[in-house]
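The block underneath contains the structure these notes are about, expressed in structure tokens.
Residue numbers (this note's numbering), protein chains in the order written: chain Y, 1105 to 1325; chain E, 4 to 285.
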């Protein structure tokens, strides 16, 4: 597994995507007039995108098939991808949080802990859900189908968003009382809400991990 | 020893059904047309595809039960499949070093230098020949017992092919327990370095013999229609009818030389044997 980690980390730095994001974060810091809490939100997304890029790369030119001829197993391959995602999410959140706090300190602003917690929480929810979907899809399907499935899911999410906007936000749709109560509770308890959603997202990751482990053993390359 | 016993793998319109043995210290060549099953066999050995039945033993150990540690005993260069194109030799070296306990770092550097491979250049910027050399260097850069080479000389010039052949010979000379299985479309390369040759077609073995036997015993008989009628067909493997004559492949050249002195009996090549076995009547 050490070899797979080395390969993926090298690939991340070789593609220079890491540097692009760091430069963007630094630019935001230079021109910011208040603490850019958004950086904390994008940390997880950025790390998942990097791991997804390594998955896509493995599908091209039979890289994955070659890797499985080396002293590594299919199980190691799956574990490495999920482990790398978690480590990258923690690392990028730490880096983004540091930049954010340093900027708040530089600007002499009071640190808004609630804002940080909410952004961090939402970031990890989206990151976990994205990772669960992308990693599982890249392992279950071959590259062509994988791209197609991602496109279909993306399209479906887009349509659902439009639907929600049309029926929920406009007044043509009356929401059932239990949902309205739930929304009210969420507004009053943002940290608890984010915590619950995070637990659900982590469970989704666990399910995705188990499906990936089962599926990779049946696959042929 | 690598022992393959009745290995079976089916795809739509194709079935691999093979048995073979590779002795320690030997180089075995696999020859066949495109789609004959060479790569499928390699993938089955390596567990990249799941075989339907049969057993594969490496030094008496069932290869399906090989642990990650045991995979260090195998070196592979695949026709399709290698490290990402964005990688340079340094990235490849770092990854292999983390993968193999017995990785020969200095040897890797030395071979890259000898072959003129720029360590900081990306694989995507390498020529076909450079990529092929890098694949073989990567495969040989650790201590293994079995070397699997799928089309290692594809697209290479004669000088580079000779250099790669030298490396393969060097690999086997270093340790008498080592063995090599190599597939190639270039039959002259196979003929030059292999001790034994397996010809396969549609997943099945059509010829299996020592290289020196193939060279000394196999021949093409050119016969007219009358000569063909008189010919003892017991040692004819395949026959191809031309416009006014017959070409027959035999594995008993001396029998026909002694009994049919007037016949034209020509030395044959691996390519010609393969064509006769695939296209000819058996």
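Where is the CB? At the ideal position from N, CA and C, for every residue including glycine.
Under the three-state reduction of DSSP, residue 1209 of chain Y is assigned to helix. Along the region 1170 to 1183 of chain Y, going in chain order, the ones with a CB nearer than 8 angstroms to a CB of chain E are 1170, 1172, 1173, 1174, 1175, 1176, 1177 and 1180.
Y:1186 is the residue among Y:1260, Y:1186 and Y:1297 whose C-alpha sits nearest the C-alpha of residue 1240 of chain Y. Excluding five sequence positions before and after residue 123 of chain E, the CB atoms of its chain that fall closer than 6 angstroms to its own CB belong to 91, given in chain order.
At a cut-off of 8 angstroms between beta-carbon atoms, residue 51 of chain E makes contact with chain Y.
The residue among Y:1265, Y:1295 and Y:1126 with its C-alpha nearest the C-alpha of residue 1217 of chain Y is Y:1295. Annotated as proximal: residue 202 of chain E and residue 280 of chain E, with beta-carbon spacing under 8 angstroms. Neighbours of residue 139 of chain E in chain Y, taken as residues whose beta carbon is under 8 angstroms from its own, are absent, since the nearest beta carbon is some 14 angstroms off. Using a Cβ-Cβ cut-off of 8 angstroms, residue 74 of chain E counts as an interface residue toward chain Y, since at least one Cβ of chain Y sits closer than that to its own. For residue 161 of chain E and residue 196 of chain E, the gap between their C-alpha atoms comes out near 14 angstroms. Sequence-ordered contacts of the region 83 to 109 of chain E with chain Y read 83, 84, 85, 86, 87, 88, 89, 90, 94, 97, 98, 101, 102 and 103 [C-beta pairs closer than 7 angstroms]. If you compare the alpha carbons of E:105, E:283 and E:135 with that of residue 241 of chain E, the shortest gap goes to E:283.
Listed along the chain, the chain Y residues whose CB falls inside 8 angstroms of the CB of residue 71 of chain E are 1175, 1176, 1177 and 1180. Using a Cβ-Cβ distance cut-off of 8 angstroms, the region 1291 to 1309 of chain Y and the region 156 to 176 of chain E are not in contact, since fewer than three pairs of beta carbons, one from each stretch, lie closer than that value. In the displayed model, residue 1324 of chain Y falls within coil according to three-state DSSP, outside both helix and strand. Judged by DSSP in its simplified three-state form, residue 1281 of chain Y adopts helix. Proximity of residue 1160 of chain Y to chain E, defined by a Cβ-Cβ separation below 8 angstroms, is not satisfied. Distance between residue 22 of chain E and residue 60 of chain E, taken at the CA atoms: about 11 angstroms.
Rounded to whole angstroms, the separation of the alpha carbons of residue 226 of chain E and residue 51 of chain E is 47 angstroms. Neighbours of residue 1106 of chain Y across chain E, judged by C-beta separation under 7 angstroms: 101. Using a CB distance cut-off of 8 angstroms, residue 276 of chain E does not count as an interface residue toward chain Y. Chain-ordered, the chain Y residues with CB closer than 7 angstroms to the CB of residue 79 of chain E read 1173. Setting aside the 5 residues that flank it on each side, residue 230 of chain E is surrounded in the same chain by 266, each with a C-beta closer than 7 angstroms to its C-beta; the list follows chain order. In the three-state DSSP reduction, residue 1227 of chain Y falls in the helix class (H, G or I). Every unbroken stretch of the alpha helix (DSSP H) spanning 4 or more residues and falling wholly within the region 63 to 123 of chain E is given here in chain order: 92 to 102 and 108 to 117.
In this chain, the beta strand (DSSP E) harbouring residue 60 of chain E covers 56 to 61. In terms of Cα proximity to residue 153 of chain E, the closest of E:83, E:19 and E:174 is E:83. The Cβ-Cβ distance between residue 1257 of chain Y and residue 1286 of chain Y does not fall below 8 angstroms. Take residue 41 of chain E, set aside five residues on each side of it, and the residues of its chain with a beta-carbon closer than 6 angstroms to its own are 33, 35 and 186, in chain order.
Per DSSP, reduced to three states, the secondary structure at residue 275 of chain E is helical.
DSSP places residue 28 of chain E outside both helix and strand once states are collapsed to three, so it counts as coil.
The criterion of a C-beta distance shorter than 8 angstroms is not satisfied by residue 1112 of chain Y and residue 1172 of chain Y. For residue 1313 of chain Y, no Cβ of chain E is located within less than 8 angstroms of the residue's own Cβ. In the three-state reduction of the DSSP assignment, residue 4 of chain E falls in the coil class. Across the structure, residue 1152 of chain Y and residue 93 of chain E are spaced so that their CA atoms are roughly 26 angstroms apart.
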